[in-house]
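> One rule links them: number in this note's numbering = place in the sequence shown (from 1) + 1. This is the structure I have questions about; it appears just below.
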Amino acid sequence: MSTSDDYYTPPEVFEALNISFDLDVSAPAGGVDWIPAAHHYSIEDDALKQTWFGRVWMNPPFSNSAPFADRFLEHRNGIALLPTSRARWFGRLWDSDAAIVHPVSKPMFQFIKDGKRANIYMPVILAAFGDDCVRALSNLGRVR
């Protein structure tokens with residue numbers, strides 16, 4: 002059974018990034034086949050209570066992005082896909098030294114939900130910390 006948070010980053014994003022990750026901190030049980038992460042935490046693992054290590058990939062539940070964004074800001078090594086927001090966590094991310102890309106595509110940036118392409122109602126950004134992650138992010142567009 003999928004939830005309103007079960008929207009997965011499409012494979013072409015990872016193909017463009019051309020980078021692998023040590024940890025996916027917001028994976029479904031068993032991970033996602035096309036996400037190049039050696040390890041993953043699912044909702045059952047509660048990533049917010051686990052140790053984050055190495056280069057992380059993060060596409061957190063958009064219904065509760067704040068604690069994940071704050072943890073990403075602390076970890077400072079990886080790439081995150083996040084909704085744009087007027088929330089405090091977004092301001093902290095924007096004001097940080099994170100590299101940020103707004104992936105503009107036509108049609109809208111699409112996710113994978115229940116095996117099909119799906120739009121969401123809000124724009125997204127990708128943010129990165131770490132030189133290799135910032136270089137990878139530049140494959141998706143202009144980095145701020």
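All C-beta atoms, glycine included, are put in the ideal place defined by N, C-alpha and C.
#1: Nearest to residue 51 by CA position, among 27, 32, 66, 31, is which residue?
#2: Among 77, 38, 122, 63, which residue has its Cα nearest to the Cα of residue 132?
#3: Based on DSSP bridge pairs, tell me the residues matched to residue 114.
#4: Have a look at the DSSP bridge pairing and note the partners of residue 41.
#5: Would residue 110 be called buried (16 or more neighbouring beta carbons within 10 Å of its own) or exposed?
#6: Give me the Cα-Cα distance between residue 126 and residue 54, rounded to the nearest whole angstrom.
#7: Would you check whether the ligand SAM has a heavy atom nearer than 7 angstroms to the C-beta of residue 28?
#8: Please classify residue 108 as buried or exposed, where buried requires at least 16 other C-beta atoms within 10 Å of its C-beta.
#9: When burial is assigned at 16 or more other CB atoms within 10 Å of the CB, is residue 85 buried or exposed?
#10: On a Cα-Cα basis, can you pick out the residue from 63, 41, 10 that is closest to residue 56?
#11: Buried or exposed: where does residue 79 fall if 16 or more other Cβ atoms within 10 Å of its Cβ makes it buried?
#12: If contact is defined by three or more beta carbon pairs under 8 angstroms, each pair taking one atom from either stretch, is the stretch 93-104 in contact with the stretch 59-67?
#13: Which of the three DSSP states, helix, strand or coil, is assigned to residue 107?
#14: Quickly, what does DSSP pair residue 57 with across the bridge? List them, please.
In brief:
#1: The residue you call residue 51 lines up with position 50 of the sequence shown. Checking every option, the nearest Cα to that of residue 51 belongs to 27.
#2: The sequence position of residue 132 within the sequence shown is 131, counting from 1. Comparing Cα-Cα distances from residue 132 to each of 77, 38, 122, 63, the minimum goes to 77.
#3: Your numbering for residue 114 matches position 113 in the sequence shown. Answer is 117.
#4: By 1-based counting over the sequence shown, the position of residue 41 is 40. Residue 41 is bridged to 25.
#5: For the purposes of this step, residue 110 is taken as the residue at position 109 of the sequence shown. By the neighbour-count rule (16 or more Cβ atoms within 10 Å), residue 110 is buried.
#6: In the sequence shown, residue 126 corresponds to position 125, counting from 1. In the sequence shown, residue 54 corresponds to position 53, counting from 1. When rounded, the distance between both Cα atoms is 22 angstroms.
#7: Looking for the ligand SAM in the displayed structure turns up nothing, as the structure carries no ligands at all.
#8: As a first step, residue 108 is located in the sequence shown; it is residue number 107 there, counting from the start. Its pLDDT being 46, under 50, residue 108 is placed unreliably by the model, and the measurement read from it follows with that caveat. Its Cβ having fewer than 16 others within 10 Å, residue 108 is exposed.
#9: Here residue 85 refers to the residue found at position 84 when the sequence shown is read from its first residue. Residue 85 comes out exposed.
#10: One-based indexing of the sequence shown puts residue 56 at position 55. Nearest C-alpha to residue 56: 41.
#11: The residue labelled residue 79 in the question sits at position 78 within the sequence shown. Buried is the call here.
#12: no
#13: Translated into positions along the sequence shown, residue 107 becomes position 106. At residue 107, the pLDDT of 49 sits below 50, so the modelled position is not reliable; the number obtained from the coordinates is stated separately. Here residue 107 sits in coil by DSSP.
#14: By 1-based counting over the sequence shown, the position of residue 57 is 56. Answer is 24, 79, bridged to residue 57.
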